[in-house]
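Okay, structure first, notes after.
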Amino acid sequence: MASVEEKQIELDREVRSYLSNPNNVEAAAEAVLNDLVDSVVLGIVFEVHRAAKCGIVDHEDGITDEVSKFEIVEGADMDIFGQPLKKRPQRCICPSCKRSLAALRFAPHLSKCMGLGRNSLRLASRQITNSSKEMVGYSATDDNDSELSLGSDRRRKKRVSFGTRRPKNSKTGRNGDVTLETGTCSELNNSNMNYDSMSNEEKKNLLMQICGVISVSTRKLCTRSMRCSQHSDEQRRAVRAALLNSQGSDMNSTPDMLQVDIDSYEDGDGQSMCESLGQSWEQEHSNTSSPADSASTSSSSSKKREKNTKTQE
Amino acid sequence: MLYKTSIEQSLILSGEKDRFKELLRTRLTECGWRDQIQMLCRQIVKERGVQNITADELIGEVTAKGRALVPDAVKKELLQKIKAHFSQDM
């Protein structure tokens, strides 16, 4: 401790002797002041440097920017944010058909366009078929189509009529099989189907699947199932008998004969004709006809045809 | 300048240096010098980019300007007080 005090006293003495000169005092004061200023500057620099490195400066600047961004805008036809008063409804672009739609209409449109739900699916597939013709040949069709071996033109027609017929189908409220058959029905209608344009084998196949009775008014085939409620078993039997019989005997006269026969039958006096045409067939064919009868129909009709040819010979 | 460290030491020992420093800081804050230097620092940091600057570089640039920017009135007052201290003490 003594040495420290001694040093202090010595220091005081040195300073005093130095400061006895007024010039020295001036210079010393200047130096001290500069030192003080430097130390203050150092403090400020450290402060700012730290703030900059920590990102505080950015935050402060950011805040000032945002304040200027959210200033209230004064204008005749705009709100305080500077946006026009009438807001345009938001638009969405359908990923499927690339159309621009109002956002509110987007969900219903999408369900239609992408084909969600039963009805929408049909509409969507119809649109696709219409838009791209090359896809028609590969579009999925039912077995009847392939068996009838119709051209793609007719198939497309069927698709078009499909949509227009749809409400009727939904009204009947039956299962998917019905709509499939209705498709076949419209197809047959469109192509003006007649038995005369078919070969024997085609007729057989067709009659195994559908009712086949020719209606009076439209002169077209009934394409409903074997047990359709509009026509009786007797009518069906009569058609089959007439068809396969006439095929065996005379190919040329078939259409006229057939149509006359059916019309006359539907007018009321077909009972005798039915009996005369297919007695053996009737024996085999029980009164309670089931879907399984289609097989027996073909077999019986072929037998009957043989019989008919024999009789005519 | 041989005596500079000695004078400095004596000032520190007597506790006068802290008092002068405090006085200088308040004066400089009052006259807005502090804000000026702060703005200067920020400007330099912005120009160079936060990643490209060190504290030493900043000190080197700011110190000279800081000395020059000190108002004459403050400078005079401080010098007077320091001189008074020397003459009175010695």
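The listed protein sequences correspond, in order, to chains A and B. At position 17 of the first sequence (counting the first as 1) the number is 17 in UniProt numbering, and the numbers step up by one without a gap. At position 75 of the second sequence (counting the first as 1) the number is 75 in UniProt numbering, and the numbers step up by one without a gap. All C-beta atoms, glycine included, are put in the ideal place defined by N, C-alpha and C.
- Residue 50 (chain A) and residue 64 (chain B) have their alpha carbons spaced roughly 21 Å apart.
- Think of a sphere of 7 Å around the beta carbon of residue 9 (chain B): the chain A residues whose beta carbon falls inside it are 11, in chain order.
- For residue 227 (chain A), there is no enclosing alpha helix (DSSP H), since its DSSP letter is neither H nor E.
- Between the C-alpha atoms of residue 89 (chain A) and residue 98 (chain A) there is a straight-line separation of about 18 Å.
- In chain B, no part has a C-beta under 8 Å from the C-beta of residue 110 (chain A); the shortest such distance is about 49 Å.
- When Cβ-Cβ separations below 8 Å define contact, residue 30 (chain A) makes contact with chain B.
- Contact annotation: residue 59 (chain B) and residue 42 (chain A) have beta-carbon atoms nearer than 8 Å.
- Residues of the segment 31 to 55 of chain A with a Cβ closer than 9 Å to any Cβ of chain B, in chain order: 31, 32, 33, 34, 35, 36, 37, 38, 39, 40, 41, 42, 43, 44, 45, 46, 47, 48, 49, 50, 51, 52, 53 and 55.
- Taking a C-beta cut-off of 7 Å against chain A, the contacting residues of the segment 37 to 58 of chain B are 37, 38, 41, 42, 45, 50, 55 and 58, listed in chain order.
- Proximity of residue 19 (chain B) to chain A, defined by a Cβ-Cβ separation below 8 Å, is not satisfied.
- Judged by beta-carbon spacing, residue 211 (chain A) lies beyond the 8 Å limit of residue 237 (chain A), meaning their Cβ atoms are not closer than that value.
- By the rule that beta-carbons nearer than 8 Å mark a contact, residue 32 (chain B) does not touch chain A.
- It is roughly 8 Å from the alpha-carbon of residue 244 (chain A) to the alpha-carbon of residue 200 (chain A).
- Judged by pairs of C-beta atoms under 8 Å, the segment 2 to 12 of chain A does not touch the segment 17 to 24 of chain B, as fewer than three such pairs exist.
- With respect to chain B, the C-beta atom of residue 57 (chain A) has a partner C-beta closer than 8 Å.
- Against chain B, the CB of residue 5 (chain A) has no partner CB under 8 Å away; the residue lies outside that interface.
- For residue 10 (chain B), the enclosing alpha helix (DSSP H) begins and ends at 4 to 14.
- Using a Cβ-Cβ cut-off of 7 Å, residue 82 (chain B) is close to 29, 32 and 33 of chain A, given in chain order.
- At a cut-off of 8 Å between C-beta atoms, residue 19 (chain A) counts as an interface residue with respect to chain B.
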